[in-house]
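In the working numbering, the protein residues as written are 989 to 1386.
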Amino acid sequence: MLPFLLGLFLLSLCSTAAQDEAHKRGHVSVVVLGGTGDLARKYLWQGFFELYANKISSGHSFSFYGGGLSPANKSTPVLYEILKALNCSKDVPKERIQKQLKQEGLVEAGRLFYLSVPAFAYAEIADRINSSCRPPKGAWLRVVLEKPFGHDFRSAQELATKLGTSLKDEEMYRIDHYLGKQVVSNILQFRMQNKKHLDSMWNKYFIERVEIVLKETLDVKGRIAFYDQYGVIRDVLQNHLTEVMTLLTMRLPLNLNNSQEVLTNKLNIFTSLLPLSKNQAVIGQYQTYQKEVQQELNKTKDHVSLTPTFAAVLAHIDETQYEDVPILMISGKQLDERVGYARILFKDNVFCLQNKNSVHCKPKQIIFYFGHGSLKYPAILVSKIFSNRLLLTASGKK
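Following this line, the structure appears as structure tokens:
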């Protein structure tokens, strides 16, 4: 589902750009830098294929290019294997794609660069794009920047300044691909649909705690050069999990389609987060990480990396609505299971159902289940005590 939603995002990006530049139809060149990397392999190429397959609805034709640091003789077979694994959506007729391919001859509408590379490479790439890869006059330019954006606040400010010398603000799209997950993208919609019932209990008087968890069973072999610079906190916690936290706790906008209002309400939560003390965070490493670092970075056996692969944070929001409500954010590599979810656990958290022979007690909770684990599909799960009152989105399950 994430690649499909990514395809829709890119489709809307191209459509918006075309409207802004007064181009209705044309050819779009898409360049994926980091084209054989982990993110590109798992999500990007399938998302771009969805974009290509649905191009009729956008009025554009597309060409795609993959770029990377590996020599062509090594990277080309890898890219070929990635592209071989792409799947057509059931609702995309291949005959229409072939028909559209014969109707080329469109003027260039724009160029889209997707930077699936570490943030330290952004500025130099942006400079090269600006100096030698800009489209001709009348066509638009869009550069998509993935997280993490710098190492800390200062480096993020410096990076923004450097990028600003090469690209206009409207040419840059800073995204977090985790927000494209089906259930994550439905959190605000679910809260809005159930505003009448949830508003009265979405506060410190009813919520015991909030949990946002992303556990992975894989290690980071093959990605050490990137991962050892960032670690679990910069890789997923301060972006993916924190973004989910804002969706769960922000004031609901009057209009979900008003992106500026949504952003403002998110920023209000960020500014209300209380500073963390040392006893509010735990970090760690999986057992073989040091050996992997030494091997992949050609370090000696006495080299010690302090990069965390596990982190658990206890946060609080300085607002009356959430006063003293603990917010747990947990993520790590090579853990006991692969699972992602956000859970709202309510006070008086046990309710019991009695039948003729037994009593069944379960927690009072709402779970936004991103997938994997024992439940493979994404879903919004609500305790039976709420199920008669709450409306579920298309992804919801009772």
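By construction, the Cβ of each residue, glycine as well, lies at the ideal position given by its N, Cα and C atoms. No experiment lies behind these values; they were computed from the predicted model shown.
- Secondary-structure assignment with DSSP links Q1353 through a beta bridge to L1333.
- In the DSSP secondary-structure assignment, A1127 is not bridged to any residue.
- It is roughly 11 angstroms from the alpha-carbon of P1351 to the alpha-carbon of E1196.
- The alpha-carbon of Y1365 is positioned some 15 angstroms away from that of S1173.
- Under DSSP, H1228 takes part in no beta bridge, so it has no partner.
- Look at F1050 here: in three-state DSSP terms it is strand.
- The beta-bridge partner set that DSSP reports for R1162 consists of L1133.
- Of the candidates P1123, Q1322, Y1053, F1258, Q1322 places its Cα closest to the Cα of E1204.
- The three-state secondary structure of G1098, taken from DSSP, is strand.
- With at least 16 other beta carbons inside 10 angstroms of its own, K1169 counts as buried.
- Shortest Cα-Cα distance from I1257 to any of K1287, A1303, G1219, L1103 involves A1303.
- When secondary structure is reduced to three states using DSSP, E1146 falls in the helix class.
- Membership of I1221 in any beta strand (DSSP E) is not indicated, and neither H nor E is assigned to it by DSSP.
- According to the DSSP assignment, R1116 belongs to the alpha helix (DSSP H) that extends over 1110 to 1120.
- For H1291, there is no enclosing beta strand (DSSP E), as DSSP gives it neither H nor E.
- For N1246, same chain residues with a beta-carbon under 8 angstroms away, outside a window of 5 residues either side, do not exist.
- Taken through DSSP and simplified to helix, strand or coil, G1359 comes out as strand.
- The secondary-structure analysis by DSSP pairs R1197 across a beta bridge with L1333.
- Residue environment: F1141 is assigned as exposed (fewer than 16 neighbouring CB atoms within 10 Å of its CB, all protein chains considered).
- In the displayed model, L1255 falls within a helix according to three-state DSSP.
- Annotated three-state conformation of G1152 is helix, per DSSP.
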